[in-house]
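Remarks on the structure that follows.
There are 2 protein chains.
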Amino acid sequence: MSMSFYTADSLKAELHERGWRLTPQREIILDIFQNLAAGRHLSAEELCELLQKEGHDISLSTIYRTVKLMARMGILRELELAEDHKHYEINQPHHHHHHLICVRCNQTIEFKNDSVLKIGDKTSKKEGYHLLDCQLTIHAVCPACQRSILPV
Amino acid sequence: MSMSFYTADSLKAELHERGWRLTPQREIILDIFQNLAAGRHLSAEELCELLQKEGHDISLSTIYRTVKLMARMGILRELELAEDHKHYEINQPHHHHHHLICVRCNQTIEFKNDSVLKIGDKTSKKEGYHLLDCQLTIHAVCPACQRSILPV
DNA sequence: AATTTAAAAGAGAGTTATTCTCAACAAGCT
DNA sequence: AGCTTGTTGAGAATAACTCTCTTTTAAATT
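Just so you know, the protein sequences line up as chains A and B, in that order.
For the first sequence, the numbering used here assigns the number 1 to the initial residue and increments by one for each residue that follows.
For the second sequence, the numbering used here assigns the number 153 to the initial residue and increments by one for each residue that follows.
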């Protein structure tokens, strides 16, 4: 199972294992995600704005590269919500949750379910895979949209 | 729970409920997916090629519109595999399966698990949502990539 | 501490999946 | 048969993301 908390040091160690480097940009981005409210996720654009608001000018290229890197390391979860871009959030088993998405209005509800991670663990182990993240995504129609006559 | 099989007639009925129409294009695309081998999925481009091979010239615009429509109706599942485009497959509870994806080489394994659909059912019911589809996606590192020294 | 070297950042161009626009067409009701 | 309005097709437009290439810099080595 993936680690819960990364410090700058543990990130540095893991990067060095692969011949990579800890840069200020990577440290700052990790910090942003770790201080985000539980369950809050960001798109690349949103992360860029948030960084600028905090006085960090990190290029979009670097942001895209970094979130993808961290997702591949298991530090971040890459979410495919209903919008046309990805979202990222910190990957912490304690706050592990899933998403119920309305395909019409895109309203999204987070929910927890302990069995899911167990299934993910069991399945990846069985195939010899090293688990990074598992997500249950439910596509459905919310109560409001069921009622609406509009063919949205 | 969503229906298993759509005929041209049941598709027509469901479209008409919403003031929509059954067109030859929609009928042909439904037919393609229903005759696809179990578990086989197509991207919009692949679907376009397959249609052409069978002598049906349906524009890419229509293909994109149709698969999205059918996904929103619960007829198709919209899959986010590791590639940079979506895949679609027929949504049949009997053949309901999930995906284990290697984040490094993108190799994907399909697996079944009966609990997942139950969780999806229970969760959507609890929130008053009408279930269309639920997918468990596991991101992991495959055995080969764990062994490889290359930092892919 | 200075040197070295290869990874990473930044800037902006490039790519590509997907959506949008709008005129022409046609499904299905009357 | 005619009418209404949803749908198609063609291509332009959009936007998320990646790539390229030069400059910078982390960090290992001396």
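Positions of the beta carbon are idealized from the N, C-alpha and C atoms, including for glycine.
Just so you know, these numbers come straight off a predicted model, no measurement behind them.
- Positions of the alpha helix (DSSP H) runs, each at least 4 residues long and wholly inside the stretch 199 to 275 of chain B, are given as 212 to 225 in order along the chain.
- Per DSSP, the unbroken alpha helix (DSSP H) holding A13(A) starts and ends at A8 to E17.
- Rounded to whole angstroms, the gap between the alpha carbons of V268(B) and V116(A) is 8 Å.
- Under the Cβ criterion (8 Å, minimum of three pairs), the stretch 139 to 146 of chain A counts as touching the stretch 279 to 290 of chain B.
- Residue environment: H239(B) is assigned as buried (16 or more neighbouring CB atoms within 10 Å of its CB, all protein chains considered).
- At a cut-off of 7 Å between C-beta atoms, C142(A) counts as an interface residue with respect to chain B.
- A buried status is given to T275(B), since no fewer than 16 other beta-carbon atoms sit within 10 Å of its beta-carbon.
- Nearest to L100(A) by alpha-carbon distance, out of T62(A), L22(A) and Q135(A), is Q135(A).
- For C294(B), the secondary structure class from DSSP, reduced to helix, strand or coil, is coil.
- Under the three-state reduction of DSSP, L188(B) is assigned to coil, being neither helix nor strand.
- Considering only S162(B), T214(B), R170(B) and I227(B), the residue with the shortest C-alpha distance to F185(B) is I227(B).
- Contact of Y64(A) with chain B by beta-carbon distance below 8 Å is absent, the smallest such distance being about 13 Å.
- Under the three-state reduction of DSSP output, L30(A) falls in the helix class.
- Taking all protein chains in view, the Cβ of T7(A) is surrounded by fewer than 16 other Cβ atoms within 10 Å, so the residue is classified as exposed.
- As DSSP reads the structure, H130(A) sits in a beta bridge with V293(B).
- N113(A) reaches chain B at I271 and T275, counting residues in chain order whose Cβ is nearer than 8 Å.
- If you draw a straight line from the Cα of E169(B) to the Cα of A44(A), it is about 40 Å long.
- Taking every protein chain shown into account, the CB of N258(B) has fewer than 16 other CB atoms within 10 angstroms, so this residue is exposed.
- Counting C-beta atoms within 10 angstroms of its own C-beta, N91(A) has 16 or more neighbours from the protein chains shown and is therefore classed as buried.
- Interface flag for T23(A) against chain B is unset, since no Cβ pair is found closer than 7 Å.
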